[in-house]
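Colleague: Got a structure for you, questions after.
2 protein chains.
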Amino acid sequence: MEFEVELIQGERKETKNVSGSLPLLKVIQESGLELDSYCGGKGTCGKCKALIKPAPSPKARERNLLENSELEEGIRLACLHTVEEDLTVEIEKGGEISILAGEEEVSCEIDNGWNRYIYDFEEPSLEDQRSYLRRIFDRGDMEETSLSAIKQLEKRREENEIVAVGKDEYLARIGSQEEILRAAGAAVDIGTTTVVVYLLDLESGRELAVDSFYNPQKELGADVISRIQAARDQKDGWRKLQRMLVEKLNSSLAGLAEKMDLETDDIYRMVFAGNTIMLHSFLGLNSEDIANSPFIPTICDQQKFSPSDPGLDINPQGEIEILPSISGYVGGDIVADMLAVDLADTENYNLLVDIGTNGEVALGKSDKIYACSVAAGPSFEGGNISEGMAAMPGAADSFEVRKDGFDYTTIDAQKPVGICGSGLLDLTAGLLKAGVVTASGSFQDKEKLPDFWRRRYERKNDIARLKLFTEDESGRERPLFFTQKDVRQMQLAKGAIRAGIEILMDRAEIGTQQIDEVYLVGGFANYLDKRHACEVGMIPEKLEDRIYQAGNGAGAGARMMLLNENLADKAADYKEKTEYLELSTSTEFQQEFTDRMSFPKLENKKIETGTG
Amino acid sequence: MEFEVELIQGERKETKNVSGSLPLLKVIQESGLELDSYCGGKGTCGKCKALIKPAPSPKARERNLLENSELEEGIRLACLHTVEEDLTVEIEKGGEISILAGEEEVSCEIDNGWNRYIYDFEEPSLEDQRSYLRRIFDRGDMEETSLSAIKQLEKRREENEIVAVGKDEYLARIGSQEEILRAAGAAVDIGTTTVVVYLLDLESGRELAVDSFYNPQKELGADVISRIQAARDQKDGWRKLQRMLVEKLNSSLAGLAEKMDLETDDIYRMVFAGNTIMLHSFLGLNSEDIANSPFIPTICDQQKFSPSDPGLDINPQGEIEILPSISGYVGGDIVADMLAVDLADTENYNLLVDIGTNGEVALGKSDKIYACSVAAGPSFEGGNISEGMAAMPGAADSFEVRKDGFDYTTIDAQKPVGICGSGLLDLTAGLLKAGVVTASGSFQDKEKLPDFWRRRYERKNDIARLKLFTEDESGRERPLFFTQKDVRQMQLAKGAIRAGIEILMDRAEIGTQQIDEVYLVGGFANYLDKRHACEVGMIPEKLEDRIYQAGNGAGAGARMMLLNENLADKAADYKEKTEYLELSTSTEFQQEFTDRMSFPKLENKKIETGTG
Ligand code: FES
Ligand code: FES
């Protein structure tokens, strides 16, 4: 009998007429599509996955090797099934996966060099006296190794089937099929406040599990400067700072591995993103010279280390990589952002803005990148704001301000206990449009305020403020206010970022028309209202419809580099073509900053169309 | 004024007319000769050595940086002297050195990738915010490193001159000029009985110091088989076997370093030669499968390890390499021999014979090598011989046998206490020529013996023997005999080796005329009389005048590979083109061996020309 098998891989489609009950893996391979089969079609490696329609009933081995969700989808191992009817067979496009950065989905090639191989040993004899190791090397996949792998091999020399894990030509580990289930890797985004650890399968690229925790270095200070001081002032302080982080990382990795029924020895590769000071403190390096002029880091380049270097308990034959930093204040997190948003993919420019206590701004095109760092202050994280708070339950995270009132939402719909960054931005933009706050940033004179807001207005200690929530409305059993000082803080924050953008555009000698895309990244970038970001003047208004929110860019960039080691070269290339502008002593920046503190004159332009 | 400077480097000669008092280093460099100058001519690195005639009086710095013997020879630092008169200047041919293997002197290129660099730091500033590490990498010599080197750099960031040690593009260490005096390496020949450690300067190739000691594994047995049994029979036995050796190696290295005013951290590279089982036991590997048919080693290829892998206390960023083995019984020591004698440098064949308990024989030409191992027994080391002993003080190490008597020498001219290998060979050959021993290996009938020997002849327990030394002559207060059994042992030993040679020649389908050179290697090869080796039939007689004695070939080969890492490829190539003949089950070998037990009929041929 003849059956028709339609094969689909990415854009490729082939139709084959198969006579007799041929193994599906064979059909696929003969048609030249790429499908891995490390065990050579024995149904033991679990690599030859295909989506088969109609799906044959799964075999016992498939129940072991495939996840339930895969089985339900119709995924089977192609080597275990023969063609007994007309089929449509889809196989994944080898080595590509999508990674989510905020609202952006980026595709990432899988090319990190790590692989598992299943080998069967040929029987040694007087005619074949090759060493045990040679029997592995002769398979052609690897040709170097360490003593530990040789010792693992020695223990298994009586067995006729082993699993080898290799990185390119380097044999890293040998074990049994029961021991070695996956080759996993972890990408880490070390934030000053929060650390996120992503566990991924290095071969399939699939995300296995995620963990996040507060950076334990917080114990020595919330901001980097106080941590540097604390480390400097105690014996072995840098090492202590490092140990705090690394110990927590080790327990997080152990937890993630356990969750997936793995050992930490199954983790072979890690990539770290973070700002320059975080990367230094992760490595146990003194970062004092970054804190003080002329702000010199010890290391800025992408580097590969051994896991034992910083003391990470993963497979000792594994590798860890840190992303390169541009300078002391434009770190590896920003380079990870650049990778995630493919910053330099244009002949025009793309703009990248990381909004945080330090605002980092980068403007890049294919052959040139400009970058700078500005001190925006902690307002967007809730710092320095009367009722400011982080984006936690009860934070008022969005406002819709009208002349005659306002609507708002809070996180987890709890009673408001404070205002987080996105709420502050909405509030500032809304009060501007409603004429409550003027372009100079002052509250309007009480008598000129719309009725609703006049009722909410009061002065305390000579500082004007608006009662947003009454004692009853608030979750704190006291009213919550938004003050004149808070507006000033917002002006400082948005002014600094805007000044950074303007300085870079000046340096590149371009206007907004030469900018293709604007990427907002950083913890709160995903949640802010981009229209409001333009209305307060943080981002040039003409760019509003070119804004993309790629919040967790650093985590996405780190995951991408975890899966594709070639991105290290791309990152190095980004670093290479970046011109860093040191603004801390720039009078030009000071001038621009002062100019950009005030708000655009929105009232006349837009208020008529508002709903207030 | 104009002076004439004659420059000589190897074959090259240049004459320069120099006007004014130009620094000599400049004159040399401008004429295109190769002379290192890592410190850029500051007189601090000690690299720009030249033999100057007439020699200017040495400067204070030269007294520090050069050895006394060098100063006396007229060697100076070219950067510290200007041309003030007519000079002849000789500089060493960059990167070549001679190494002695027995009576053979082999030239070895220095190319192991290790170098010291002296850098001065440029002052960091807001205009030059490069990281500290980048300032080093930007010198163009290196571009990768480890965390430990970065931490060393961090400690020195305030200094303006540092010394960096690198392997190719890898920065391994950073320190001050006082800390880092040399980049040293060690080559080790791990013998079953004796271990020799050579400390060399990796940059100049010069030998700094040598140490040798008994292999501490002897405690578990004199021969490899008893050690294997001992290791197998106890918990963690392989590891214990390893630790015995490695601990002793560590203390030897520490001693050698101290002797040269170095630290063990100044040792960056080590190369190990040894037979396959010794290399396994050095690595802590189970060698049981080498001992039993089909004789499978765990590892036979040349491999690079980290010093921490076997637990060597040298610089942790260093590297260790083991020579490849051909098979379980033709080990890395034989491959080292091959390197030392350049076995495959001919279109005809060269023959290599390692005479020991296992006799290894290799026959090689440019594109093919044949090798085998034969069990020669311990006779040449003094084992199994009535009065046999190692080559220690009091051993009778040479005999000149006549019909009417004999002369002899002993080591250190002490009274004889036994006979070592070279003495046994002389004795056997001499007794043969004198007609005391017949071609079949039996003592001549008493009545047919020459007078002198008849007087020395007696039988005890039905075994014929000759009294060599009387109670008075002997250092043992009893007479010393040479027995019929001893002759049999010699026959076994030489017969096995000769059979190996014949088998290989058969396999290669050649006769002695196709053999260019014969290299005898192994502990006692330097001391034996090559004529006698032919007379007893151990080596084909026609080859006598093509025999070279390259005794410590394994040590020489290891030193060469230490200095020139490219020899690893050459060794791999040797291994690749070697066809190993397993003789343990070969009936052809058994036949040949039986045939070769008897002695050539020397009496008729040569006795007339003897002095007896
Ligand atoms: S090829 Fe390995 S499971 Fe199918
Ligand atoms: S060049 Fe360094 S001492 Fe002369």
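These protein sequence lines map, in sequence, to chains A and B. No gaps in the numbering here: position 282 of the first sequence is 282 in full-length UniProt numbering, and each next residue is one more. No gaps in the numbering here: position 371 of the second sequence is 371 in full-length UniProt numbering, and each next residue is one more. Backbone N, C-alpha and C define an ideal beta-carbon position, used for all residues, glycine too.
1. Show which residues of chain B have a CB atom less than 9 Å away from the CB atom of Thr585(A).
2. For a contact defined as C-beta to C-beta under 9 Å, what are the partners of Cys372(A) on chain B?
3. Whole-angstrom Cβ separation of Val165(B) and Tyr268(B), contact assumed at under 8 Å?
4. Return the bridge partner residues of Met270(B) from the DSSP annotation.
5. Quick check on the contact list: which residues have their beta carbon closer than 7 Å to a heavy atom of ligand 1?
6. Report, in whole angstroms, the separation of the C-beta atoms of Glu219(A) and Val271(A), which I expect to be a contact under 8 Å.
7. By the criterion of Cβ-Cβ separation under 9 Å, what are the contact partners of Thr298(B) in chain A?
8. If you drop the 5 nearest sequence neighbours on each side, which residues of the same chain put their C-beta closer than 6 Å to that of Glu143(A)?
9. What span of residues does the beta strand (DSSP E) with Asp407(B) cover, start to end?
10. With 16 other CB atoms within 10 Å as the buried threshold, where does Lys365(B) fall?
11. Once the 5 residues before and after Thr276(A) are set aside, which same chain residues still bring their CB inside 8 Å of it?
12. Using 10 angstroms around the beta-carbon of Ala413(A), count the other beta-carbons present and answer buried if the total reaches 16, otherwise exposed.
13. Got a sec? Which residues, its chain only, sit under 7 Å from Tyr214(A) by beta carbon, not counting five neighbours each side?
14. Can you tell me which residues form a DSSP beta bridge with Ile118(A)?
15. What does DSSP give as the partner residue(s) for Lys49(A) in the beta ladder?
16. So does the stretch 55-62 of chain A actually touch the stretch 89-101 of chain A, counting three or more Cβ pairs closer than 8 Å?
17. Mind pulling the alpha helix (DSSP H) runs of 4 or more residues that sit fully within the stretch 437-473 of chain A?
18. The alpha helix (DSSP H) that contains Val83(B), what's its start and end?
19. Just tell me which of Phe3(A), Ile8(A), Pro378(A) has its CA closest to the CA of Gln491(A).
20. Using a Cβ-Cβ cut-off of 8 Å (strictly less than) and excluding sequence neighbours within five positions of Glu2(B), which residues of its own chain qualify?
21. May I have the straight-line CA-CA distance separating Leu65(A) from Leu563(A), to the nearest angstrom?
22. Tell me the DSSP bridge mates of Cys372(A)?
23. What residue ranges within the stretch 285-333 of chain A form continuous beta strand (DSSP E) runs of no fewer than 3 residues, ordered along the chain?
24. Can you find a C-beta in chain A that's less than 7 Å from the C-beta of Ser327(B)?
25. For Thr428(B), count neighbouring Cβ atoms within 10 angstroms of its own Cβ and tell me buried if that reaches 16, exposed if not.
26. Using Cβ-Cβ distances below 8 Å, what residues of the stretch 269-297 of chain B are close to chain A?
27. Does the Cβ-Cβ distance between Gly359(B) and Ile497(B) come in under 7 Å?
28. Select from the stretch 542-553 of chain A all residues with a C-beta closer than 7 Å to any C-beta belonging to chain B, and list them in chain order.
29. Roughly how many angstroms separate the alpha carbons of Glu592(B) and Arg227(B), rounded to a whole number?
30. Using a beta-carbon distance below 7 Å, is Ser37(B) in contact with chain A?
31. Whole angstroms are fine: how far does the CA of Ile174(A) sit from the CA of Gln152(A)?
32. Whose C-alpha, out of Pro54(A), Gly102(A), Glu70(A), is nearest the C-alpha of Val82(A)?
33. Find the residues of chain B that neighbour residue 615(A), judging by a C-beta separation of less than 7 Å, and give them in chain order.
34. Within 7 Å of any Cβ in chain B, is that where the Cβ of Glu582(A) sits?
35. By the DSSP assignment, the alpha helix (DSSP H) with Gly356(A) in it spans what residues?
36. Return the chain-ordered list of same chain residues with a C-beta closer than 8 Å to the C-beta of Lys606(A), the five sequence neighbours on each side being excluded.
Modeller: Once the coordinates are examined:
1. Near Thr585(A) (Cβ distances below 9 Å), the residues of chain B are Leu126.
2. Those within 9 Å of Cys372(A) in chain B number zero; the least Cβ separation is about 12 Å.
3. In this structure Val165(B) touches Tyr268(B) by the C-beta definition: roughly 7 Å separates them, less than 8 Å.
4. Met270(B) is bridged to Ala186(B), Ile320(B).
5. Those residues having their beta-carbon less than 7 Å away from any non-hydrogen atom of ligand 1 are, in chain order, Leu25(A), Ser37(A), Tyr38(A), Cys39(A), Gly40(A), Gly41(A), Lys42(A), Gly43(A), Thr44(A), Cys45(A), Gly46(A), Lys47(A), Cys48(A), Leu65(A), Leu77(A), Ala78(A), Cys79(A), Leu80(A).
6. Val271(A) and Glu219(A) do not touch by the CB rule: their CB atoms are close to 26 Å apart, not below 8 Å.
7. What Thr298(B) touches in chain A, judged by beta-carbon distance under 9 Å, is Ser131, Tyr132, Leu133, Ile150, Lys151, Leu153, Glu154, Arg157, going in chain order.
8. Excluding sequence neighbours, Glu143(A) sits near Phe137, Glu169.
9. Start and end: 405-410.
10. Looking at its Cβ environment, which holds 16 or more other Cβ atoms inside 10 Å, Lys365(B) is buried.
11. Ser287, Ile290, Pro297, Cys300, Ser325, Ser327, Gly328, Tyr329, Val330, Gly331, Gly332, listed in sequence order.
12. Exposed, since its Cβ has fewer than 16 Cβ neighbours within 10 Å.
13. Cβ neighbours of Tyr214(A) beyond the five flanking positions: Thr193, Thr194.
14. Residue pairing of Ile118(A) in beta bridges, as defined by DSSP: Val163(A).
15. The beta-bridge partner set that DSSP reports for Lys49(A) consists of Leu77(A).
16. Of all C-beta pairs linking the stretch 55-62 of chain A to the stretch 89-101 of chain A, fewer than three are shorter than 8 Å, placing the two stretches out of contact.
17. List check, alpha helix (DSSP H) in window: 451-456.
18. No alpha helix (DSSP H) holds Val83(B); DSSP gives it neither H nor E.
19. A check of alpha carbon separations from Gln491(A) across Phe3(A), Ile8(A), Pro378(A) identifies Pro378(A) as the nearest.
20. Here the set comprises Asn17, Val18, Ser19.
21. Taking the straight line joining both Cα atoms gives about 22 Å.
22. Cys372(A) pairs with Val361(A), Leu581(A).
23. The DSSP assignment places complete beta strand (DSSP E) segments of no fewer than 3 residues inside the stretch 285-333 of chain A at 303-305, 319-322, in order along the chain.
24. Output row for Ser327(B): interface = yes.
25. It is buried - the Cβ of Thr428(B) has at least 16 other Cβ atoms within 10 Å.
26. For the stretch 269-297 of chain B, which is checked against every Cβ of chain A, the residues closer than 8 Å are Leu283, Gly284, Leu285, Asn286, Asp289, Ser293, Pro294, Phe295, Ile296, Pro297.
27. In this structure, Gly359(B) places its C-beta atom within 7 Å of the C-beta atom of Ile497(B).
28. For the stretch 542-553 of chain A, there are no residues whose beta carbon sits under 7 Å from a beta carbon of chain B.
29. Here the alpha carbon of Glu592(B) sits roughly 31 Å from the alpha carbon of Arg227(B).
30. Taking CB atoms only, Ser37(B) has no neighbour in chain A less than 7 Å away.
31. Near 6 Å, if we compare the C-alpha coordinates of Ile174(A) and Gln152(A).
32. Per the sequence shown, the amino acid found at residue 82(A) is Thr instead of Val. The residue with the shortest Cα to Cα distance from Thr82(A) is Pro54(A).
33. Since the displayed chain A opens at 1 and closes at 612, residue 615(A) lies outside it and no answer follows.
34. Glu582(A) has a beta carbon lying within less than 7 Å of a beta carbon in chain B.
35. Segment: none, Gly356(A) is in no alpha helix (DSSP H) and carries neither H nor E.
36. Only weak support is given to the placement of Lys606(A): the predicted model assigns it a pLDDT of 46, under 50, and the value that follows is read from those uncertain coordinates. In its chain, beyond the 5 residues on either side, Lys433, Glu535 have a beta carbon closer than 8 Å to the beta carbon of Lys606(A).
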